[in-house]
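Novice: I'd like to ask you about the structure that follows.
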Amino acid sequence: MDMQVAKKKLGLKERYAVMTRGLDWTPSYQKMEDIYPYMAYEGIKIHDWDKWEDPFRLTMDAYWKYQSEKERKLYSVLDAYIQSNGHLNVTDARYLNTVKLFVSGISPLEYVAHRGFAHAGRQFPGPGPRVACLMQSLDEIRHAQTQIHAVSNYNKYYNGMHDFHHAHDRVWFLSVPKSFFDDAITAGPFEFMVAIGFSFEYVLTNLLFVPFVSGAAYNGDMGTMTFGFSAQSDEARHMTLGLEVIKFILQQDPANVPIVQRWIDKWTWRGYRVLTLVAMMMDYMLPKRTMSWKEAWEVYFEQNGGALFKDLARYGITIPKCTEHIALEKDHLSHQAWGTFYNYAAATNFHTWMPDADEMEWLSAKYPESYDKYYRPRMEFWREEAAKGNRFYNKTLPMLCQTCQIPLVFTEPGDPTKICYREVDYKEDKYHFCSDHCKKIFEDEPEKYVQAWMPVHQIYQGNCFPEGTDPTVEGFDPLAAVMKYYHLEFGRDNLDFEGSEDQKNFAEWRGQATKNA
Amino acid sequence: MHIDLQTVSIKPLRHTFDNIARRIGADKPATRYQEGTLDMQQTANFHYRPTWDPDHDIYDASRSAIKMADWYAFKDPRQFYYGAYTLARAKQQDTAEANFDFVESRGMAANLPESVRDTVLKLLIPLRHVAWGSNMNNAAICAYGYGTGFSQPHIFHSMDQLGIAQYITRVGLLLGSVEVLDDAKKSWVEDDTWQGLRRLVEDSMVVQDPFELFVVQNVVLDGLLYPLVYETIIDDVLSAQGGTSVAMLTQFMTDWFAETKKWADATVKIAAAESAENKEILAKWIGEWRDRAAAALLPVARIALGDRTDELMGEVVQQFNARMTKAGVAV
Ligand SMILES: [Fe+2]
Ligand SMILES: [Fe+2]
Numbered sequence: 001m002d003m004q005v006a007k008k009k010l011g012l013k014e015r016y017a018v019m020t021r022g023l024d025w026t027p028s029y030q031k032m033e034d035i036y037p038y039m040a041y042e043g044i045k046i047h048d049w050d051k052w053e054d055p056f057r058l059t060m061d062a063y064w065k066y067q068s069e070k071e072r073k074l075y076s077v078l079d080a081y082i083q084s085n086g087h088l089n090v091t092d093a094r095y096l097n098t099v100k101l102f103v104s105g106i107s108p109l110e111y112v113a114h115r116g117f118a119h120a121g122r123q124f125p126g127p128g129p130r131v132a133c134l135m136q137s138l139d140e141i142r143h144a145q146t147q148i149h150a151v152s153n154y155n156k157y158y159n160g161m162h163d164f165h166h167a168h169d170r171v172w173f174l175s176v177p178k179s180f181f182d183d184a185i186t187a188g189p190f191e192f193m194v195a196i197g198f199s200f201e202y203v204l205t206n207l208l209f210v211p212f213v214s215g216a217a218y219n220g221d222m223g224t225m226t227f228g229f230s231a232q233s234d235e236a237r238h239m240t241l242g243l244e245v246i247k248f249i250l251q252q253d254p255a256n257v258p259i260v261q262r263w264i265d266k267w268t269w270r271g272y273r274v275l276t277l278v279a280m281m282m283d284y285m286l287p288k289r290t291m292s293w294k295e296a297w298e299v300y301f302e303q304n305g306g307a308l309f310k311d312l313a314r315y316g317i318t319i320p321k322c323t324e325h326i327a328l329e330k331d332h333l334s335h336q337a338w339g340t341f342y343n344y345a346a347a348t349n350f351h352t353w354m355p356d357a358d359e360m361e362w363l364s365a366k367y368p369e370s371y372d373k374y375y376r377p378r379m380e381f382w383r384e385e386a387a388k389g390n391r392f393y394n395k396t397l398p399m400l401c402q403t404c405q406i407p408l409v410f411t412e413p414g415d416p417t418k419i420c421y422r423e424v425d426y427k428e429d430k431y432h433f434c435s436d437h438c439k440k441i442f443e444d445e446p447e448k449y450v451q452a453w454m455p456v457h458q459i460y461q462g463n464c465f466p467e468g469t470d471p472t473v474e475g476f477d478p479l480a481a482v483m484k485y486y487h488l489e490f491g492r493d494n495l496d497f498e499g500s501e502d503q504k505n506f507a508e509w510r511g512q513a514t515k516n517a
Numbered sequence: 518m519h520i521d522l523q524t525v526s527i528k529p530l531r532h533t534f535d536n537i538a539r540r541i542g543a544d545k546p547a548t549r550y551q552e553g554t555l556d557m558q559q560t561a562n563f564h565y566r567p568t569w570d571p572d573h574d575i576y577d578a579s580r581s582a583i584k585m586a587d588w589y590a591f592k593d594p595r596q597f598y599y600g601a602y603t604l605a606r607a608k609q610q611d612t613a614e615a616n617f618d619f620v621e622s623r624g625m626a627a628n629l630p631e632s633v634r635d636t637v638l639k640l641l642i643p644l645r646h647v648a649w650g651s652n653m654n655n656a657a658i659c660a661y662g663y664g665t666g667f668s669q670p671h672i673f674h675s676m677d678q679l680g681i682a683q684y685i686t687r688v689g690l691l692l693g694s695v696e697v698l699d700d701a702k703k704s705w706v707e708d709d710t711w712q713g714l715r716r717l718v719e720d721s722m723v724v725q726d727p728f729e730l731f732v733v734q735n736v737v738l739d740g741l742l743y744p745l746v747y748e749t750i751i752d753d754v755l756s757a758q759g760g761t762s763v764a765m766l767t768q769f770m771t772d773w774f775a776e777t778k779k780w781a782d783a784t785v786k787i788a789a790a791e792s793a794e795n796k797e798i799l800a801k802w803i804g805e806w807r808d809r810a811a812a813a814l815l816p817v818a819r820i821a822l823g824d825r826t827d828e829l830m831g832e833v834v835q836q837f838n839a840r841m842t843k844a845g846v847a848v
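Sequence lines, in order, name chains A and B. Under my numbering, the first residue of the first sequence carries the number 1, and numbering increases by one thereafter. Under my numbering, the first residue of the second sequence carries the number 518, and numbering increases by one thereafter.
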């Protein structure tokens, strides 16, 4: 290459700048505040969008090339997995309940992330963050679709996932993840970025995505494992975007710091409450465990997150206070959650069960401070009762936390023998909370949280029965009607794993493969 | 331990998800486009209203004047879900890369006739800003449109337009340097030639109705701009003046428009066929914005077409009208 040509070549940074920022101009026929109407109302002050440092520099040509190669690989692995009935290679059929939880609880959130980043990507006046957000919007529809395509084959053979979109909008416990993302997308664009880009993608993703993907790998689920690994390089981009957003906002104006601090506090807690589902998945639902919830929290939050907040201290950001509460809960969270789902297994789209003797040993070893003392006795009792034919199903609806929408089943921080209740009187009504943190989130924005679609209230108000249901007729069975509204089939999608159709089919199909008829 | 289970023949309990079966009329195997598109957007029991738009739900069909009994009536004839989309674009990108290499390695850019080079710099390079505006508008349609059948193609379109803005930027860098881009932006912001178009683009950015924005941007503006610039001016007029290499550099845009207009036509057709009210609204939007866009494009077209501007612009408008009539909206 001669010098003439070499001289003309732009550096990567300059080249990327002309490919993105250079495209923008300052409008004069319409006012900035009309083109970007949502920039002021959150109180965040941005003085100079040009100070934005692009966290990655990917032009569309490179994006298409790179992503299409990943898609080609992903779908060929998936096709081979489906072709060879790979689902029969999972550790045991209980594992499938993790897939049900994932597709009905998590995949729909990927879709909301897609729409949310399209919104943020439209609204930021800075071309740098806009392009990064739009690329993430495109990635997120990828995640939603590859997950559904991977789960599609499981749905053909196992129950509980057949109408997961419908379930996500209606089933009581799915309002926990749904309300989390509804909360984020209805917040302003800056808060959305702190909620999802930073708190969720940067701080908590290792506690959500990694446990599912490594759980899949440990349990022989090649389909889930493949999309998980394939999404990793996307996640790496999303994480750098989340971190850049927060640094950028904090550097722009000191008045932004307390606003951002409040959001970080709120979203760390909101996100953590959603992770309750992951905690019980890790400790109870994976036949072959990867690590305990407690270990995951210690490694991914206390160690890695601790380092992050040290780094953010120079901007005046402190580690959220709720993490002290979380540390006190880490010995209890998964056990209390699984106990709850075991109770309410008549109204879920997946099966529950009691751990066997070996699994209880594992739990004792992982939770020496709490398992034998508080949880083993009740679980052994439930197991014995089930063996006697008295499998317990709780049919009384629980009180829900107005913010996180989890039933009030968690105990006081530091006292695992006492249920934690908080309440607030607001206007004419009384609202209930699982914790001081959920209570504070409500008190900061009561007009938002009073709107929440609370599954239990809605059932009691008669809004969760199929159209035309008459609840006054004699012998009316409200649970049966609610299950119909959820599009869940009683006896197939719900109840204990023991005796389920999944259990029978899996055993029979695997038997065909491993034994002589 | 891995067991080879290929030989096991087991009967599935069902062939697709229930929502897909309801939509395709039976429990039968569905395509990846269908499973990745239908009912993807949440529809019920939203928890909170957007603090940025408290008059609407998170997803709300009433953001548009177009009324549909079912927004999943909109189907992408290309059946693009993410995987199919990126594979298609990567293939086009390979061709584009080969074309850029070909032009570059033979020094064809340096050998362009001066008049052709001049036209490209004056006419094509400022269009990177129009593509950027489209990137933004399509992001809005994706964010605020209703139903994944309608919203999904717009994120693809948005990123395509960013890609197009970047291809035009590369043409500028190939023919000159960063100054070429700066000059083009200066014309875009200051020269009379471009002000009608810039005003139109900025006005489109405040259009609130996502379907109207689809009409303004993807049906009308692109429906006139692409045939005018890429098909008429670059592929015909400039090629005849020794500028075939320019047509190679913009092949992505030509192919892209040929592909995407099928989807845009299908979308107009479905909305128009839904009701007389829809058809009336569409005719009004298309007619009004067409007149504005054609007027705004006239001085731009004159850069390359001189005396023949009115005649060729007239042809482009006529073709556009015929296209819309075929899609069910007489304008
Ligand atoms: Fe994602
Ligand atoms: Fe709570």
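For each residue, glycine too, the CB sits at the ideal point set by N, CA and C.
Span of the alpha helix (DSSP H) holding Y431 (chain A)?
Specialist: Unbroken run through Y431 (chain A) is the beta strand (DSSP E), 429-433; no alpha helix (DSSP H).
Novice: From A627 (chain B) to V763 (chain B), what does the alpha carbon distance come to, in whole angstroms?
Specialist: 12 angstroms
Novice: Could you check whether V754 (chain B) and A821 (chain B) sit closer than 7 angstroms to each other, using their CB atoms as the reference points?
Specialist: yes
Novice: Going straight from the alpha carbon of M1 (chain A) to that of D618 (chain B), what length do you get?
Specialist: Low per-residue confidence applies at M1 (chain A): pLDDT is 33, beneath 50, and the placement is therefore not dependable, though the value from the model is reported in the following sentence. C-alpha separation (whole angstroms): 14 angstroms.
Novice: If distances are taken between C-alpha atoms only, which option among B:E552, B:L640, B:H532, B:R549 comes closest to A543 (chain B)?
Specialist: Checking every option, the nearest Cα to that of A543 (chain B) belongs to B:H532.
Novice: Let me make sure I understand the geometry here. Which of A:L208, A:N390, A:Y41, A:I419 has the alpha-carbon closest to that of I259 (chain A)?
Specialist: A:Y41
Novice: Going by beta carbon distance, what residues of the same chain come within less than 6 angstroms of W293 (chain A), once the five residues before and after it are set aside?
Specialist: A279, M282, D283, S334
Novice: Looking at the secondary structure, which residues open and close the alpha helix (DSSP H) in which D415 (chain A) lies?
Specialist: First-last for D415 (chain A): 415-419, but that is the beta strand (DSSP E), not the alpha helix (DSSP H).
Novice: For F601 (chain A) and E443 (chain A), what's the separation of their Cα atoms in angstroms?
Specialist: Any answer about residue 601 (chain A) is impossible in this case: the structure gives chain A only from 1 up to 517.
Novice: With ligand 2 as the reference, list in chain order each residue whose Cβ lies under 5 angstroms from any of its heavy atoms.
Specialist: A:C401, A:T403, A:C404, A:C434, A:C438
Novice: Just to confirm before moving on: does the CB-CB distance between T352 (chain A) and N219 (chain A) stay below 7 angstroms?
Specialist: no
Novice: Is it the case that the CB of H168 (chain A) approaches a heavy atom of ligand 1 more closely than 6 angstroms?
Specialist: no
Novice: Taking Cβ positions, are V846 (chain B) and A800 (chain B) nearer each other than 7 angstroms?
Specialist: The answer is yes: Cβ separation under 7 angstroms.
Novice: Give a single yes or no on whether H119 (chain A) has its beta carbon closer than 6 angstroms to a heavy atom of ligand 1.
Specialist: Because no heavy atom of ligand 1 lies under 6 angstroms away, the Cβ of H119 (chain A) does not count as near it: no.
Novice: Under 8 angstroms by Cβ, that's how I've got H674 (chain B) and G662 (chain B) pegged, so tell me the actual separation to the nearest angstrom.
Specialist: Between G662 (chain B) and H674 (chain B) the Cβ distance is about 11 angstroms, and since that is not below 8 angstroms, they are no contact.
Novice: Kindly list the residues whose CB is nearer than 8 angstroms to the CB of Q4 (chain A), restricted to its own chain and excluding five residues on each side of it in sequence; keep chain order.
Specialist: Residue placement at Q4 (chain A) is poorly supported in this model, since its pLDDT is 41, which falls under 50; the coordinates are not used for a value here.
Novice: If you scan the stretch 574-625 of chain B from start to end, which runs of the alpha helix (DSSP H) of 4 or more residues do you find wholly inside it?
Specialist: 599-622
Novice: Beta-carbon within less than 6 angstroms of A844 (chain B)'s beta-carbon, same chain only, minus the 5 sequence neighbours each way: which residues are those?
Specialist: D782, V785, K786
Novice: Nearest chain A C-beta to N536 (chain B) closer than 7 angstroms, yes or no?
Specialist: yes
Novice: What is the DSSP secondary structure of L629 (chain B), counted as helix, strand or coil?
Specialist: coil
Novice: If I measure Cβ to Cβ from G126 (chain A) and keep anything under 8 angstroms in the same chain, skipping five residues before and after, which residues do I get?
Specialist: I46, W49, D50, W52
Novice: Any heavy atom of ligand 1 closer than 6 angstroms to the CB of H149 (chain A)?
Specialist: no
Novice: Looking only at its chain, what residues have a beta carbon closer than 8 angstroms to the beta carbon of V732 (chain B), apart from the 5 residues adjacent to it on each side?
Specialist: V785, L799, W802, I803, W806
Novice: Does DSSP put V473 (chain A) in a helix, in a strand, or in coil?
Specialist: coil
Novice: At a cut-off of 6 angstroms, is H143 (chain A) close to ligand 1 when judged by its beta-carbon and the heavy atoms of the ligand?
Specialist: Flag set: Cβ of H143 (chain A) near ligand 1.
Novice: Keeping to the same chain, check which residues put their C-beta closer than 7 angstroms to that of I249 (chain A); ignore five residues upstream and five downstream.
Specialist: If we look at I249 (chain A) and ignore the five residues flanking it on each side, its Cβ neighbours are I44, F190, N256, V260.
Novice: Name, please, each residue of chain B whose Cβ falls closer than 7 angstroms to the Cβ of T186 (chain A).
Specialist: Going along chain B in sequence order, the residues near T186 (chain A) (Cβ under 7 angstroms) are Y565, R566, P567, T568, I575.
Novice: So the alpha helix (DSSP H) Y460 (chain A) belongs to, where does it begin and stop?
Specialist: Under the DSSP assignment, Y460 (chain A) falls in the alpha helix (DSSP H) whose first and last residues are 455-460.
Novice: Against P529 (chain B), what residues of chain A qualify as contacts under a CB-to-CB distance less than 8 angstroms, listed in chain order?
Specialist: K156, Y157
Novice: Could you compute how far the alpha carbon of R540 (chain B) sits from the alpha carbon of S76 (chain A)?
Specialist: So the two alpha carbons sit approximately 27 angstroms from each other.
Novice: Are the CB atoms of Q734 (chain B) and S721 (chain B) nearer to each other than 7 angstroms?
Specialist: yes
Novice: Which residues in the same chain as M379 (chain A) place their Cβ atom closer than 6 angstroms to its Cβ, once the five residues preceding and following it in sequence are excluded?
Specialist: M354
Novice: Mind checking if A660 (chain B) is an interface residue toward chain A, Cβ cutoff 7 angstroms exclusive?
Specialist: yes
Novice: Should the stretch 65-82 of chain A be regarded as contacting the stretch 599-606 of chain B, the criterion being three or more beta carbon pairs within less than 8 angstroms?
Specialist: yes
Novice: Could you check if M841 (chain B) is buried or exposed, using at least 16 other CB atoms within 10 Å of its CB as the buried criterion?
Specialist: buried
Novice: By the three-class DSSP mapping on this structure, what secondary structure does Y426 (chain A) have?
Specialist: DSSP places Y426 (chain A) in strand when its eight states are reduced to three.
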